[in-house]
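K.L.:
So the sequence shown is numbered by the numbering used here: it starts at 75 and just counts up by one. The beta carbon of each residue, even a glycine, is placed where N, CA and C say it ideally should be. Mind having a look at this structure? Questions to follow.
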Amino acid sequence: VLVAVSACTLALRIRGITGWFWLLGDQIRDWEIALGSFSELPLVGPATHVGGYTIGPAFYWILWAIRVIVGPWFDNLPHAGGIGQAILQSGVDAVLTVAVWKRTQSLWVALASTTLVATAGYDLCLAPLVWNPVMGSTLAKLAIALVLLDASRVSMPRVATTAAVAWMAVHAYTGAIYVTVSVFAALILEPLLKRDWARTWRYGVAMTLVVVALQTPYLVYRLVHRSDNEAMGAVVDSVTRILSGRDAPVWSASLQGYLGAFNFIQVEPWRTDLASWLLAACGLAVVIRYRRDVALLCMVILPQLMAIAGYSFFLAGLDHYYYLSLMTPAVLTVVLGATSLPSPRLSKAVGVALLLVALAITPARVRFADTLHRMPEYAALVAGSRTLVQDGQPLRSVETEFTLPPTGDPAFLYRVLGGRLDASAPRVGVITAAGGVTYKQVDGSSP
Numbered sequence: 075v076l077v078a079v080s081a082c083t084l085a086l087r088i089r090g091i092t093g094w095f096w097l098l099g100d101q102i103r104d105w106e107i108a109l110g111s112f113s114e115l116p117l118v119g120p121a122t123h124v125g126g127y128t129i130g131p132a133f134y135w136i137l138w139a140i141r142v143i144v145g146p147w148f149d150n151l152p153h154a155g156g157i158g159q160a161i162l163q164s165g166v167d168a169v170l171t172v173a174v175w176k177r178t179q180s181l182w183v184a185l186a187s188t189t190l191v192a193t194a195g196y197d198l199c200l201a202p203l204v205w206n207p208v209m210g211s212t213l214a215k216l217a218i219a220l221v222l223l224d225a226s227r228v229s230m231p232r233v234a235t236t237a238a239v240a241w242m243a244v245h246a247y248t249g250a251i252y253v254t255v256s257v258f259a260a261l262i263l264e265p266l267l268k269r270d271w272a273r274t275w276r277y278g279v280a281m282t283l284v285v286v287a288l289q290t291p292y293l294v295y296r297l298v299h300r301s302d303n304e305a306m307g308a309v310v311d312s313v314t315r316i317l318s319g320r321d322a323p324v325w326s327a328s329l330q331g332y333l334g335a336f337n338f339i340q341v342e343p344w345r346t347d348l349a350s351w352l353l354a355a356c357g358l359a360v361v362i363r364y365r366r367d368v369a370l371l372c373m374v375i376l377p378q379l380m381a382i383a384g385y386s387f388f389l390a391g392l393d394h395y396y397y398l399s400l401m402t403p404a405v406l407t408v409v410l411g412a413t414s415l416p417s418p419r420l421s422k423a424v425g426v427a428l429l430l431v432a433l434a435i436t437p438a439r440v441r442f443a444d445t446l447h448r449m450p451e452y453a454a455l456v457a458g459s460r461t462l463v464q465d466g467q468p469l470r471s472v473e474t475e476f477t478l479p480p481t482g483d484p485a486f487l488y489r490v491l492g493g494r495l496d497a498s499a500p501r502v503g504v505i506t507a508a509g510g511v512t513y514k515q516v517d518g519s520s521p
């Protein structure tokens, strides 16, 4: 079952990736960093579009490992990073399946949950990209699964591992903080509510040490680069403005942002206002049915409530991808809520029905994913770059007959494959739309 889950979700994620990989500025920057040595990796995470950067380098650590392990199989081209991230996420899907299966004692509920999470159209289109929000979502999903596996009740090393995975999710993408805080709450509340003070103390110390250790690179970076902007400066500015009374929290915008993201990520290509009401109703059912399972409530309900509260203190616009890490809790809310029935037989029947529905809507979700974040020119770039390197002509630059996105770089793949540009070379290599190449003199005449 687990091999099938991993294989099927991986096949859906990387299907045709060599022909359409989304190679924009962020992907070029991050893959170029991963091509270097480990000692050259940044001490902080990628720059954000709202200013600043993420608070730690875990994204680059993992991407570098993917480049070392997966890269050589694909000539270290950037789509290898996307395939590596997809492999990691599909492996996490298997762990999530085990966790939900164990927690609910229902294979059908587990498979329905994983299928709905993994085949969401927007998630599918982003999964095989070299992009830190995707990595943050993957790590957050893994941390949720580890908590649902009762990691906190097994051993201190597993508590520390779960905390580390959760905090690395924040390294990768700051928006994962709501899941991370919920994971920490789940780990500490279980012994706390039992008044097991010794275990509560040990868990608290372990989590604190993990965070301090993972934040050491950031502290070193701040000591060396005192003049740089703070990490996530826009977030700090928004919170400061609200706490000082200059602005009010944007509760309505935050709620609408979350519900809009849920509809876009999980419901598209269909549109219905009923999805939001379904999520709310299932959330209430989960709270009633699992009111004694604090860890599960922390993983399913708490991250969503924290996100709505947290983003109400963020005054900039809210993009759908901010909520990627919250889709696992959202889907679990719907599935667990729908199967929270007093009759085990009826609950099983609903679980089977949900799995059948999830499988039935998968083709439409895949087709929707095919319309998002695709760069069909990538195949021509790869083919043309290979030819330019094989020809061995000295080149001043590389151009394309087709238009690339504004942040694209027509010479990047050429350099990755071993080509070198020479500012004094007399020719320019031109990649055609069919993947062929032509050459022109620097003065514009044909060679």
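Specify, as a first and last residue, the run of the alpha helix (DSSP H) that L379 falls within.
P.N.:
Indexing the sequence shown from 1 puts residue 379 at position 305. Taken as a continuous stretch (DSSP letters only), the alpha helix (DSSP H) holding L379 covers 376-385.
K.L.:
With a threshold of 16 other CB atoms inside 10 Å of the CB of S211, please say whether the residue is buried or exposed.
P.N.:
The residue you call residue 211 lines up with position 137 of the sequence shown. By the 10 Å Cβ count, S211 comes out buried.
K.L.:
Suppose the cutoff is 7 Å on Cβ atoms and the five residues either side in sequence are ignored; what does the same chain contact list for N150 look like?
P.N.:
The residue you call residue 150 lines up with position 76 of the sequence shown. Once the five neighbours on either side are set aside, the close Cβ partners of N150 are L109, R141, V490.
K.L.:
For S515, name the three-state secondary structure that DSSP assigns.
P.N.:
Residue mapping note: residue 515 aligns to position 441 of the sequence shown, counting from 1. Reading off the sequence shown, one finds Gln at residue 515, where the question assumed Ser. Collapsing the DSSP output to three states places Q515 in a strand.
K.L.:
How would you call S226, buried or exposed, if buried means at least 16 neighbouring beta carbons within 10 angstroms?
P.N.:
In the sequence shown, the residue the question calls residue 226 occupies position 152. Any reading at S226 needs caution, since the residue's pLDDT is 47, under 50, leaving its predicted position unreliable; the model's value is listed next. Buried, since its Cβ has 16 or more Cβ neighbours within 10 Å.
K.L.:
Mark T83 as exposed unless 16 or more other C-beta atoms lie within 10 angstroms of its C-beta, in which case mark it buried.
P.N.:
Against the sequence shown, residue 83 aligns to sequence position 9. Buried: at least 16 other Cβ atoms inside 10 Å.
K.L.:
Per DSSP, which one or two residues make a beta bridge with V502?
P.N.:
Taking the first residue of the sequence shown as position 1, residue 502 is located at position 428. In DSSP, V502 forms a bridge with S471, K514.
K.L.:
Would you check if the distance between the CB atom of Y332 and the CB atom of A381 is smaller than 9 Å?
P.N.:
Numbered from 1 along the sequence shown, position 258 holds the residue referred to as residue 332. Numbered from 1 along the sequence shown, position 307 holds the residue referred to as residue 381. Yes, the Cβ-Cβ distance between Y332 and A381 is below 9 Å.
K.L.:
Do P437 and L455 have their C-beta atoms within less than 9 Å of each other?
P.N.:
On the sequence shown, residue 437 is found 363 positions in, with the first residue counted as 1. On the sequence shown, residue 455 is found 381 positions in, with the first residue counted as 1. Not closer than 9 Å, so no.
K.L.:
When you compare only the Cα positions, how much space is there between V294 and L288?
P.N.:
By one-based count along the sequence shown, residue 294 stands at place 220. By one-based count along the sequence shown, residue 288 stands at place 214. Near 11 Å, if we compare the C-alpha coordinates of L288 and V294.
K.L.:
By DSSP's criteria, L495 is part of a beta bridge. Which residues make up the other side?
P.N.:
Your numbering for residue 495 matches position 421 in the sequence shown. Beta-bridge pairing links L495 to L469.
K.L.:
My guess is that T481 and I505 are in contact by the Cβ rule of under 8 Å, so how many angstroms apart are they, rounded?
P.N.:
Counting from 1 along the sequence shown, the entry for residue 481 is found at position 407. Counting from 1 along the sequence shown, the entry for residue 505 is found at position 431. Their Cβ separation, rounded to whole angstroms, is 18 Å, which puts T481 and I505 out of contact at 8 Å.
K.L.:
Under 8 Å by Cβ, that's how I've got L115 and Y134 pegged, so tell me the actual separation to the nearest angstrom.
P.N.:
Locating residue 115 in the sequence shown gives position 41, counting from the first residue. Locating residue 134 in the sequence shown gives position 60, counting from the first residue. Between Y134 and L115 the Cβ distance is about 5 Å, and since that is below 8 Å, they are a contact.
K.L.:
In chain order, what residues of the same chain have a beta carbon less than 6 Å from the beta carbon of S350, not counting five sequence neighbours either side?
P.N.:
Within the sequence shown, residue 350 is the residue found at index 276, counting from 1. Contacts found: L333.
K.L.:
Please report the residue range of the alpha helix (DSSP H) in which I102 lies.
P.N.:
As a position in the sequence shown, residue 102 is number 28, starting the count at 1. Start and end: 99-108.
K.L.:
Return the CA-CA distance between R365 and L190, expressed in angstroms with no decimal places.
P.N.:
Taking the sequence shown and counting its residues from 1, the one referred to as residue 365 is at position 291. Taking the sequence shown and counting its residues from 1, the one referred to as residue 190 is at position 116. C-alpha separation (whole angstroms): 24 Å.
K.L.:
For the candidate residues P120, E264, V341, V166, whose alpha-carbon lies nearest to that of V368?
P.N.:
If you number the sequence shown from 1, residue 368 lands on position 294. Minimum Cα distance to V368 is reached at E264.
K.L.:
On a Cα-Cα basis, can you pick out the residue from E342, L261, A139, H447 that is closest to D104?
P.N.:
Along the sequence shown, read from residue 1 onward, the residue named residue 104 stands at position 30. The option with the nearest alpha carbon to D104 is A139.
K.L.:
If you reduce the DSSP assignment to three classes, tell me which class S226 lands in.
P.N.:
Your numbering for residue 226 matches position 152 in the sequence shown. Note that S226 has pLDDT 47, beneath the 50 cutoff, so the model's placement of it is unreliable and no number is given.
K.L.:
Taking C-alpha atoms, which residue in V124, I136, G126, A121 lies nearest to S111?
P.N.:
To locate residue 111, count along the sequence shown from 1; it is residue 37. Minimum Cα distance to S111 is reached at I136.
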